[in-house]
Amino acid sequence: MGVDISDIPEAPSIALGTPDVTLYEMVGAYSTFANQGVYITPNLISRIEDKNGTVLYQNVPETRDVISEETAYVTLSLMEGVTQSGSGSRLRGTWRSSKMYKEVITGYPYDFKNPIAGKTGTTQNNSDGWFMGIVPNLVTGVWVGGEDRATHFRSTAYGQGATMALPIWGVYMKSCYADEDLNVSDGSFKRPSKISIVTDCSEYKNGGDGDEIPDEFDF
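Positions in the sequence shown are counted from 1; adding 372 to them yields the numbering used here.
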């Protein structure tokens, strides 16, 4: 999915986000979900024309199938939950009347109504804040931080990705939707024809005897 793993150590802690990954790599990886499981190499220049409109360069992006269309959709569905009731829910203006929403300097009521998949990210000591936002035809990543890791917020209230990076994405997307020429989608993500998403908690909803420790493969 476009992430250079040559410098990533084979250690359990990588699941917590300990390796450094560039914003360029993150946008490419997250675009795979919006592209129904197809990874497309990000590019900065799509076409170059001279003053007469003659095309001097036309980018032909590299593509490859990396995950199934169904897996991509389920992942998007999970990330939609982030913006509905998770760390990215302030995009909806849901908590606008709360004290926290009013006091945090970035508590701007974005009030997005359309489907949005997203993921916030916060590193140790509040030194980096991330937000990856996805709509059907646009994936945008925002990173806020300093080259010197000693530069950081003292509080997670201000140093988390939902406070540092998400507001930039929100203001940016407001501008994108205001410009109709950009044709940024506000529709739903394409659902595969053969898919059924079911949450099965039957083994746990009635509780247990308290002594059973679920096996990691039971979930």
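We put the beta carbon where it would ideally sit given N, CA and C, even for glycine.
_Status (buried if at least 16 other CB within 10 Å, exposed otherwise) for residue 539_ = By the Cβ neighbour-count rule, residue 539 is buried, with 16 or more other Cβ atoms within 10 Å of its own.
*DSSP state of residue 506, grouped into three classes?*
Strand.
*By a C-beta neighbour count over all protein chains shown, 10 Å radius and 16 as the cutoff for buried, is residue 485 buried or exposed?*
The residue in question, residue 485, is exposed, as its Cβ has fewer than 16 Cβ neighbours within 10 Å.
*Along the alpha helix (DSSP H) that carries residue 538, what are the first and last residues, could you check?*
From DSSP, the alpha helix (DSSP H) with residue 538 extends over 538-550.
_Residue closest to residue 522, alpha-carbon to alpha-carbon, out of 528, 404, 508 and 496_ = Nearest of 528, 404, 508 and 496 to residue 522, Cα basis: 496.
*asked:* Assuming residue 456 is part of the alpha helix (DSSP H), what are its boundary residues?
replied: Element bounds for residue 456: 441-457.
*Terminal residues of the continuous alpha helix (DSSP H) containing residue 482?*
Unbroken run through residue 482: none, as it is neither H nor E.
*According to the neighbour-count rule (16 or more other Cβ atoms, all chains shown, within 10 Å of its Cβ), is residue 462 buried or exposed?*
Counting the other Cβ atoms within 10 Å of the Cβ of residue 462 gives 16 or more, which makes it buried.
*So, using beta-carbon positions, are residue 505 and residue 511 closer together than 9 Å?*
Going by C-beta atoms, residue 505 is nearer than 9 Å to residue 511.
*Would you list the residues sitting across from residue 421 in a DSSP beta bridge?*
DSSP lists 427 as partners of residue 421.
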